[in-house]
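Going by the working numbering, the sequence shown runs without a break in its numbering and finishes at 1188.
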Amino acid sequence: MDTVFIKVLNMSYIAAWVILFVLLARLLLRKAPKRYSYMLWLIPLLRLICPFSFESVLSLIPVKAQAIPSSITFTQTPKIDSGIPIVNSAVNSMLPPAAPAASINPMQIWLGIGEIVWIVGIAALLIYSLVSLFFLRRSLAVAMPMRDNILLVDHIKTPFVVGLIHPKIYLPSSLSEKEQGYIILHEQTHIRRGDHIIKLLAFLTLCIHWFNPLAWAAFILSSKDMEMSCDESVIKHTREDIRQEYSASLLSLATGRRMIAGVPLAFGEGNTEGRIKNLLNYKKPAFWVSIVAVIAVAALAVCLLTNPKAKIGGEIYENGSAAISVIDSGTDYAGVGISLHSWDLDAAPSMLAVDWKNDSQYNIIYGDHYHIYKLENGKWVSCAYEKEVVFHDIAYSLAPSDTQIKNYKNYSFDLSKTGIYKLETDFFFEKDIPITEDEHHKVWIEFEIGKKASDLDAQTLYALKTPYIGNNSAVGAIPKALGAAEIGSYTFELQTDAEPYGITINFENNSAGYSEEQLNEKMMHCSWLFLALVDNAEIFTWTYPNETGGFDTHSATVEAVSKTIGDIKQFGTSQKEFERLLSLISDSPALTHAASSGLEGAVSQAILSENYEAHDPGVLRCEAHTTLKTVEDGNIVRVYAIALYKMFSYSDGRLVSEPAGAHTPVSISFEKNGNDYVMTEYWIPMDGSKYQSSICEKFPDDIEDAAMDLQSYIYAHTRACYAQAVDYWKVDTDAVLKSLIDTICSSPAQASDPKAYIDEHYIEYREMLFYGDYALRYCFSRFEQGGETGLDGHIMARACREIMSYYGEAAAVEGNFATGQDWYQALRIYALKFKDQFNDDEISQNYPVSWILLQALDG
């Protein structure tokens, strides 16, 4: 509903501009026949109805077609872009920013209220009209037939038309025979032209856009032009000059109303004075006037029914050394896989070197054959040349727990363009010889070919540096040089009227077939370079089409980028500094942490994809889940799980947990197609009072209770996401944990109970727990050094014992201890006894905390 409401608001905003142009054109055409003014009103009607438009360089629309971004409810600082700086400043200052501690963005509440008011307004207009129509029809039951579809009524004072498919004309019985003739001609002209249908369509459109005052003005003025053009049509098609008599008939109906009882299916005759003046002044226009009017209406239609266009870009063909970044790898048999080792795309033939790894229990056999596909418009398409080179296949054997590098020389596949590719090959087990087709197993690697930012010519790029965002040609050359056109055609807009100064890249398509995440990752790096190259640039924004027909919007600000990689403006102070930024970008991996292959990988990717939303660059997206049950039905696989989606940023050596996230039961359905899992449904429970019943309805009976017991999973999932973030940013956990403990111990100064310190700094204490294994290793290391008999020791012992409770070893060492060091000594004795009782696998599986302690002691 949010998407529909935002779309309606944007359509109404653009239509408001169109109505203003039509009002001006109507003024200029006041000497022309009213049929041309009437025709003009079809333009805003189409704008108010049609959810899409074409682009043209002839467009007169001075503003963006999407003043309100579709992601406004998810951004940290919601903004509109009306095209009018004063309006932007006034409205944006009133929009509430996202509240980190809140469970819902305030903009979602505002938008929800707006939707309710909007729907209530529509319902009120429709109900009023339908009720009015009902009473009108009941009052017309006594009408007397005159002829054909014409009826006489005693108690009405103005003629009108009722009906849609078979419209009827109702006349006051008080009209003279001569007056009846003129009025009947008028009403029949309405019906012949289809005005009764257009009037209904206009009214229904007004119901949708009832909040727009210009839509009401358009409805009223178009009704006047409809009536006057109809009068002119009657005069035009009669042989005699009947203007005097016709005007007299209208004068006798001066008490008539524009719309009968507010019913769009029954409109009568109004604006009598204006119509009489128009009739008396009417003259058949000169031929040239009609020609000019037709041309003006047609030209205005083209200019107002299209959006502005400033197309840039196209397909980019890269030359020279290319860089490959691995996106994913997979196998349909766990334990055997391939990974990219090295490549040389400039060689003749080009070469891809692959690492084969066999972690299965059996020897595998693989050969020289392979195939390469390119991702185009969301589908894998073979990029083989018209004639492939065929080799005699040589078999290679790989033993269990062994690895091997295989060089695949490329004679058959076109890897000359940037894009996303997949190398696929297969293997079988030596024990299965002789083999059938079903015993072949596939492995694959997905990778992207493109220029690394560090391979871009730093000197050439740095030469584009400019001090001001207002230099259109200089600034426009930067995204082009950075390869934005690799994604697809785009336009750009410069924000120079008010701060923050910046650029917006509007992608018209995604011809490269990038996933949403890959597109944003690439544009995030472009934003870094752009903000470094334009001295007074403060924000870099990009938009692209989404699956719902709207556009998603993302932004990178100087402040946000500087928190991630350091002062972004410093990187633009010299070519040497700029080269350092390029190098930093080339080493930056994708900001997503997910499982890599198989069903678990598909589940991870589904969780990340479904929770994707606008966020600042440099934010790491993580997920952790516990599968409760998997159900297979033919090629449909349904996974029931508890899933956590969490985001982190990194600042000053510390992880920063972002407020957005979700921990919820999920049901994810996949269609299994060979080795691929294609998601067909992603389900989460309903909100509010229907939360529990929706879970019971969706989940199998044997896992209902587990699905609703989120508390049992939250710590393990949060700990797993923290571990992913630590691994990604190579966080110095010892330094972080020391800082957390120091903060906890800093106050309250007069307290003697360690619990008082924990209560005072519960956020820091909870973060310490989320570091899980890292916290245990750090604390065990300090305890092993000895002397932890003070407050630090108590805090560490309490944290370790709480973490142990999540691992199921809470009762390992019970009792009260005078110091944290005493507790640790007891735990040490407890763990060491396992070395003689169990093997390593048994200890690690059944006593995980003791295993961590033993590992620390061993090494």
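Glycine included, every Cβ here is placed at the ideal spot set by N, Cα and C.
First through last residue of the beta strand (DSSP E) which encompasses residue i
i	result
leucine 480	479-482
isoleucine 965	965-980
glutamine 899	No beta strand (DSSP E) contains glutamine 899, which DSSP labels as neither H nor E.
arginine 1157	Where arginine 1157 is concerned, there is no enclosing beta strand (DSSP E), although the alpha helix (DSSP H) it sits in stretches over 1149-1161.
valine 960	949-962
valine 491	489-491
tyrosine 737	731-739
isoleucine 498	497-501
arginine 1095	Not the beta strand (DSSP E): arginine 1095 falls in the alpha helix (DSSP H), residues 1091-1099.
proline 474	473-476
Under the three-state DSSP convention, the category residue i falls into
i	result
phenylalanine 1167	coil
histidine 769	coil
glycine 275	Examination of residue 275 is not possible in this model, given that the chain is present from 330 through 1188 alone.
glutamine 934	helix
glycine 927	helix
tyrosine 1052	What sits at residue 1052 in the sequence shown is alanine, not tyrosine. If DSSP states are grouped into helix, strand and coil, alanine 1052 belongs with the helices.
alanine 728	coil
glycine 1115	coil
asparagine 636	strand
histidine 525	helix
tyrosine 714	coil
alanine 989	strand
glutamate 876	coil
lysine 905	helix
Run of the alpha helix (DSSP H) containing residue i, from where it starts to where it stops
i	result
alanine 682	Looking at the DSSP string, alanine 682 is not in any alpha helix (DSSP H); the run it does join, the beta strand (DSSP E), is 679-687.
glutamate 440	In the sequence as displayed, the identity of residue 440 is leucine instead of glutamate. 435-468 is the extent of the alpha helix (DSSP H) around leucine 440.
cysteine 559	542-565
tryptophan 370	Note, tryptophan 370: premise wrong, no alpha helix (DSSP H); not H, not E.
alanine 814	Element bounds for alanine 814: n/a, residue is neither H nor E.
arginine 521	506-522
alanine 1036	1033-1037
alanine 885	Unbroken run through alanine 885 is the beta strand (DSSP E), 880-886; no alpha helix (DSSP H).
threonine 1062	1062-1073
Residue burial classification, residue i (beta-carbon count within 10 angstroms, cutoff 16)
i	result
asparagine 839	buried
aspartate 1187	exposed
threonine 877	exposed
aspartate 1082	exposed
arginine 364	buried
asparagine 736	exposed
tyrosine 1153	buried
glycine 659	buried
proline 373	buried
aspartate 1034	exposed
alanine 782	In this predicted model, alanine 782 has a pLDDT of only 43, less than 50, meaning its place in the structure is not dependable; the value taken from the coordinates is given anyway. The residue is buried, with at least 16 neighbouring Cβ atoms inside 10 Å.
alanine 989	buried
lysine 975	buried
Straight-line Cα distance separating residue j from residue i
i	j	result
cysteine 1108	methionine 1125	6 Å
aspartate 657	alanine 931	11 Å
leucine 681	alanine 1160	49 Å
glutamate 647	tryptophan 672	Because glutamate 647 carries a pLDDT of 31, less than 50, the predicted location of this residue cannot be relied on, and the following value inherits that uncertainty. Distance between the alpha carbons of glutamate 647 and tryptophan 672: 16 Å.
phenylalanine 836	serine 818	6 Å
threonine 789	threonine 825	25 Å
tyrosine 1100	lysine 1019	35 Å
aspartate 784	aspartate 755	Only weak support exists for where aspartate 784 lies, its pLDDT of 47 falling under 50; the coordinates are left without a value.
glycine 492	tyrosine 367	22 Å
methionine 423	leucine 349	26 Å
arginine 355	alanine 622	11 Å
glutamate 1026	lysine 958	15 Å
leucine 860	isoleucine 897	7 Å
alanine 814	histidine 769	40 Å
serine 998	phenylalanine 1028	12 Å
alanine 810	serine 730	46 Å
threonine 1062	serine 1110	13 Å
glutamine 847	leucine 937	13 Å
serine 856	glutamate 867	10 Å
leucine 1120	tyrosine 1086	9 Å
Margin query: Which runs of the beta strand (DSSP E) at least 3 residues long sit entirely within the region 996-1030? Give them in chain order.
Written below: Here the runs fully enclosed are 1005-1012.
Check: Which parts of the region 818-842 are runs of the beta strand (DSSP E), unbroken and 3 residues or longer, counting only runs that do not cross its ends?
Finding: Within the region 818-842, the complete beta strand (DSSP E) runs of at least 3 residues are 819-824 and 831-836.
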